[in-house]
């Protein structure tokens with residue numbers, strides 16, 4: 072797999088994402104999210120991911136627009152503060168894989184409302200991010216402690232003793248996405264995440280370092296920073312688990 076370009080933007084692949092909406096992370100193995108290192112994209116400040124969970128609504132509202140592809144995944148809702156990572160690549164393989172976790176501060180109090188934050192992975196225009204075994208998109212209202220709960224981990228300080236050392240009030244299990252790629256020609260993959268309903272209460276996607284490839288999940292991971300630099304985005308900040316928020 073050869074990356075030919077990578078770009079971080081706001082919604083619809085244009086404009087700028089929020090200034091603190093993307094970076095790398097490492098040392099998260101002890102948090103319980105199931106991923107130790109990789110890339111994080113957020114609708115707010117990625118530094119707010121660091122635990123412990125001491126707030127029911129950590130939020131950074133950038134006041135930015137949403138993304139039409141994500142709007143289409145959740146009909147009837149409008150998105151805001153979209154962050155989009157677009158990678159162009161060529162490969163001799165025929166299938167693309169990657170592992171990820173979706174997390175949010177919208178849980179659990181805003182489940183079932185208009186604040187239906189959403190994630191999509193678009194390979195050559197087709198979404199690959201679904202709840203396992205379904206064609207249901209990954210969003211607040213589709214995976215939570217009442218819907219598809221076997222794939223959900225509750226960390227809401229209002230409901231539990233927050234057993235996971237991460238700020239987000241809930242998150243999914245590790246999901247694996249895969250899709251067919253075009254051999255020998257340029258492909259485009261876009262990771263997209265956005266708030267819905269308004270720009271408040273952050274959501275994030277953790278992409279496992281080294282899991283993006285054409286040999287199936289479980290490949291030997293590169294260090295998070297090296298993985299990001301291979302995509303041409305090495306200037307993004309690195310977030311380490313031992314760094315606590317000010």
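Numbering (the working numbering), first residue to last: 72 to 317. For glycine and all other residues, C-beta sits at the position ideal for the given N, C-alpha and C.
Worksheet item: Mind pulling the beta strand (DSSP E) runs of 3 or more residues that sit fully within the segment 175-235?
Response: Listed in chain order, they are 189-194 and 223-225.
Worksheet item: Would residue 257 be called buried (16 or more neighbouring beta carbons within 10 Å of its own) or exposed?
Response: Counting C-beta atoms within 10 angstroms of its own C-beta, residue 257 has fewer than 16 neighbours from the protein chains shown and is therefore classed as exposed.
Discussion item. Suppose the cutoff is 7 Å on Cβ atoms and the five residues either side in sequence are ignored; what does the same chain contact list for residue 140 look like?
Written reply: Hits under 7 Å: 191, 193 and 263.
Item to complete: Starting from residue 392, trace the beta strand (DSSP E) both ways and give me its first and last residue.
Response: Residue 392 lies beyond the range of the chain shown here (72 to 317); nothing can be said about it.
Worksheet item: Based on the DSSP secondary-structure assignment, which residues constitute the bridge partners of residue 263?
Response: Partner(s): 155 and 191.
Worksheet item: Thinking C-alpha only, which one of 254, 219, 247 and 225 is nearest residue 278?
Response: The candidate whose alpha carbon is nearest that of residue 278 is 247.
Fill in: Environment of residue 86 [buried if 16+ CB atoms lie within 10 Å]
The residue in question, residue 86, is exposed, as its Cβ has fewer than 16 Cβ neighbours within 10 Å.
Worksheet entry | At least 3 beta-carbon pairs within less than 8 Å: the segment 94-103 vs the segment 195-213 | They do not touch, by the three-pair rule.
Discussion item. So, at 6 Å on beta carbons, what are the nonlocal neighbours of residue 268 in its own chain, with the 5 sequence-adjacent residues on each side left out?
Written reply: Within the same chain, 185 and 186 come within 6 Å of residue 268 by CB-CB distance, once the 5 residues on both sides are set aside.
Worksheet item: Buried or exposed: residue 146, going by 16 or more other Cβ atoms within 10 Å of its Cβ?
Response: In summary, residue 146 is exposed, with fewer than 16 beta-carbon neighbours lying within 10 Å of its beta-carbon over all protein chains present.
Worksheet entry | Expected contact under 8 Å - CB spacing of residue 245 and residue 212 to nearest Å | The Cβ separation is near 21 Å, so there is no contact.
Discussion item. What would DSSP say about residue 73, mapped onto helix, strand or coil?
Written reply: For residue 73, the three-state secondary structure derived from DSSP is strand.
Fill in: Member of 280, 275 and 281 whose CA lies at the smallest distance from the CA of residue 130
Checking every option, the nearest Cα to that of residue 130 belongs to 275.
Practice prompt. Taking residue 149 as part of the beta strand (DSSP E), name the residues at either end of that continuous run.
Written response: Counting along the chain, residue 149 sits inside no beta strand (DSSP E), nor does DSSP assign it H or E at all.
Practice prompt. Decide if residue 165 is buried, meaning its Cβ has at least 16 other Cβ atoms within 10 Å, or exposed.
Written response: Flag for residue 165 reads exposed.
Worksheet entry | DSSP beta-bridge partners of residue 248 | BP columns for residue 248 point to 169.
Fill in: Integer Cβ distance of residue 179 from residue 236, believed to fall under 8 Å
At roughly 18 Å, the Cβ-Cβ gap does not stay under 8 Å, so residue 179 and residue 236 are not in contact.
Item to complete: Determine the burial state of residue 224: buried for a count of at least 16 other Cβ atoms within 10 Å of its Cβ, exposed for fewer.
Response: By the C-beta density criterion, residue 224 is buried, having at least 16 other C-beta atoms within 10 angstroms.
Worksheet item: Between residue 110 and residue 280, is the Cβ-Cβ spacing less than 9 Å?
Response: Cβ atoms of residue 110 and residue 280: closer than 9 Å.
Discussion item. Taking 6 Å as the limit between beta carbons, can you name the residues of its chain near residue 324, skipping five residues before and five after?
Written reply: Within the shown structure, residues of the chain are numbered from 72 to 317, placing residue 324 beyond reach of any answer.
Practice prompt. Thinking residue 271 and residue 132 are a contact (beta carbons under 8 Å), I'd like their distance in whole angstroms, please.
Written response: Their Cβ separation, rounded to whole angstroms, is 5 Å, which keeps residue 271 and residue 132 in contact under 8 Å.
Fill in: Backbone CA spacing between residue 168 and residue 103 [nearest angstrom]
Between residue 168 and residue 103, the alpha-carbon positions lie close to 22 Å from each other.
Item to complete: Leaving out five residues on either side along the sequence, give the residues of the same chain with a beta carbon under 6 Å from the beta carbon of residue 161.
Response: These residues qualify, in order along the chain: 73 and 257.
Worksheet item: Roughly how many angstroms lie between the CA atoms of residue 84 and residue 261, to the nearest whole one?
Response: Residue 84 and residue 261: Cα-Cα distance of roughly 9 Å.
Worksheet entry | Of the listed residues 231, 144 and 148, nearest to residue 64 (C-alpha basis) | Past the boundaries of the shown model lies residue 64; the chain is included only from 72 to 317, so the question cannot be answered.
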